[in-house]
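Encoded as structure tokens, the structure appears first; notes follow it.
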Amino acid sequence: MRLLREAGHLVRVALVLAAGVVLFLIIRNAVVPKDFGRYGHFRPEALGVIRAHPVAFAGQSTCVACHDDQAKERAAGKHAHVACEACHGPQAAHVADIANVKPALPDVATLCARCHEKNAAKPKSFPQVVTAEHSGGVACNTCHKPHNPQI
Amino acid sequence: MEITRRQLLTRCTQLLVLTGTAAAALEKTGQAPGPDDTYHMADHWWGMMIDIEKCIGCGNCVRACSKENNVPEGYFRTWVERYQVTEDWEHPKVDSPDGAIHGFPANTDPNVKSFFVPKLCNHCADSPCVQVCPVGATFVSPDGVVLVDPDYCLGCRYCIQACPYGCRYFHPEKHIADKCTLCYHRITQGLTTACCEACPTGARRLCDLKDPNDPVHEFLRNNMVHVLKPQMATGAKVYYNNLDGSVR
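As you go down the protein sequences, you meet chains P and B in turn.
For this note's numbering, count along the first sequence from 1 and bump the result up by 256.
For this note's numbering, count along the second sequence from 1 and bump the result up by 7.
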């Protein structure tokens, strides 16, 4: 008893500390999600949130499922490995509502040149032209069919 | 009404227990259903193969990424750089106009070695950006993708400074750190990333290092493969074929 009386100042500090720790644990328990740390130092629900983002590019196999005529034509030519949406843009909206969402035709004036305009940084084996000399402003698809670009 | 101390204490305890159970029950029932789980994170370890010899700098990947992920204008989750290297190879000229979203202007000087380098998050296994996050908002997922928890990020920007590759940016509207997710919403449902889908030459390909049939194993075996800044030991998983020594 005498000891407790003499060490009273220490006991009070210890009590304040203990109260602080308890308060910390209560707050921590309230704000940290229950399954935080299940897979690592993060909130597992975040994976679901990120996965819920809508898809814009439907993917090659989806396009080919309906447009097999164009797919066949393309597969026979040099553009065989160019995916539909590489030129036609993201079409998931079209897949979701085929009747009302119609894809716009790509603008040939910029589309072809982006890949095939001559540039020293492009790989030497890649077919390139200086469009001004090559066609003199005539649209590429006057001579080349985009799906199978051979003349 | 008279109330004894004993009654008060009992009532208080009852109330505590009741609210506690109610809260627990609410938490159970109010939980959002998880994504359908035909996808098993433990079976995958994602990365990317980039073939410098196939990149034509068309910018299709940049446009596709921007559309797929609603990347704000002027910010990039992926971009393409053009290197122009003279004999002074330690000081290459590097440009990337608007991240190459409209491709590149022509350069025709044959005396300069020039080539394109597509860049994106390297999805490091030992990522510096993850190590500095003070709240556990950015993390390496069990399938090897570096992600940001949009609801947990404070926007302190530590990770943006920590990334040695400059792959993160501060989202101007959401006010959180934002970055390439390796199209996590796509790859977890069997699709490839938007950039790989749109690449016309196959210069960039998604790979799963845990899949024994993935072409990545052949790619790593048969090519002179390099990662960016290997001296930083980040465990980068974007593998470049034929990367020039001048690339930083």
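In this text, a Cβ means the ideal position worked out from N, Cα and C, and glycines have one as well.
Cutting at 6 angstroms between CB atoms, please list the residues of its own chain near GLU329 of chain P, excluding the five before and the five after it. HIS403 and ASN404
Taking any Cβ of chain B, which residues in the stretch 324-346 of chain P have a Cβ under 9 angstroms from it, in chain order? For the stretch 324-346 of chain P, the residues whose beta carbon sits under 9 angstroms from a beta carbon of chain B are, in order, HIS335, HIS337, VAL338, ALA339, GLU341, ALA342, CYS343, GLY345 and PRO346.
3-residue-minimum beta strand (DSSP E) runs that sit fully inside the stretch 161-218 of chain B, ordered along the chain: 211-215, all fully within the stretch 161-218 of chain B.
DSSP state of LEU271 of chain P, grouped into three classes? Helix, per DSSP.
Three-state secondary structure (DSSP) at VAL232 of chain B? strand
Below 8 angstroms, can you find three or more Cβ-Cβ pairs linking the stretch 86-105 of chain B to the stretch 205-225 of chain B? no
For PRO362 of chain P, go through chain B and note every residue whose CB falls closer than 8 angstroms to its CB, in chain order. The contacting residues do not exist; PRO362 of chain P stays about 12 angstroms from chain B at best.
Cβ of TYR159 of chain B within 8 angstroms of any chain P Cβ: With 8 angstroms as the cut-off, TYR159 of chain B counts as an interface residue toward chain P.
Please state whether DSSP places PHE406 of chain P in a helix, a strand or coil. The sequence as given places Gln at residue 406 of chain P; Phe does not occur at that position. Coil at GLN406 of chain P, not helix or strand.
Is there a Cβ from chain B that is less than 8 angstroms from the Cβ of ARG414 of chain P? The requested residue 414 of chain P is not part of the displayed model; chain P covers only 257 to 407.
Min CB distance TYR247 of chain B to chain P below 8 angstroms: Chain P, which has no Cβ nearer than 8 angstroms to the Cβ of TYR247 of chain B, makes this no.
What number of angstroms, rounded off, separates the C-alpha of CYS396 of chain P from the C-alpha of PHE83 of chain B? 31 angstroms
Contact between the stretch 138-152 of chain B and the stretch 292-306 of chain P: three or more CB pairs below 8 angstroms? yes
Within 10 Å of its beta-carbon, does MET55 of chain B have 16 or more other beta-carbons around it, so buried, or fewer, so exposed? buried
Unbroken beta strand (DSSP E) run spanning ASN248 of chain B, endpoints: In this chain, the beta strand (DSSP E) harbouring ASN248 of chain B covers 245-248.
Three-way DSSP call (helix, strand, coil) for VAL147 of chain B in this model: strand
Can you check whether the CB of SER103 of chain B is closer than 8 angstroms to the CB of GLU88 of chain B? yes
Distance, LEU367 of chain P Cα to GLY64 of chain B Cα: Each residue's CA atom was taken as its position, placing GLY64 of chain B and LEU367 of chain P some 13 angstroms apart.
Tell me the DSSP secondary structure of ILE57 of chain B in three-state form. strand
Can you pull the DSSP bridge partners for GLN91 of chain B? GLN91 of chain B is bridged to B:LYS100 and B:SER121.
Just reading off the alpha helix (DSSP H) that LEU260 of chain P is part of, what are its end residues? 258-262
Contact set between the stretch 186-200 of chain B and chain P, restricted to residues whose Cβ is under 7 angstroms from the partner: THR188, TYR191, HIS192, ARG193, THR195 and LEU198
Would ALA302 of chain P count as contacting chain B if we go by Cβ distances under 8 angstroms? It does: the Cβ of ALA302 of chain P has a partner Cβ on chain B nearer than 8 angstroms.
Which ranges would you report for the alpha helix (DSSP H) in the stretch 367-400 of chain P if only whole runs of at least 4 residues count? 387-390
LYS378 of chain P beta carbon near the ligand NAP (any heavy atom closer than 7 angstroms): Of the ligands one can find in the structure shown there are none, so the ligand NAP has no counterpart to examine.
Hey, out of P:ALA274, P:LEU271, P:VAL288 and P:GLU341, whose CA is closest to GLN317 of chain P's CA? The amino acid at residue 317 of chain P is misidentified as Gln; the sequence shows Ser. The shortest C-alpha separation from SER317 of chain P is found at P:GLU341.
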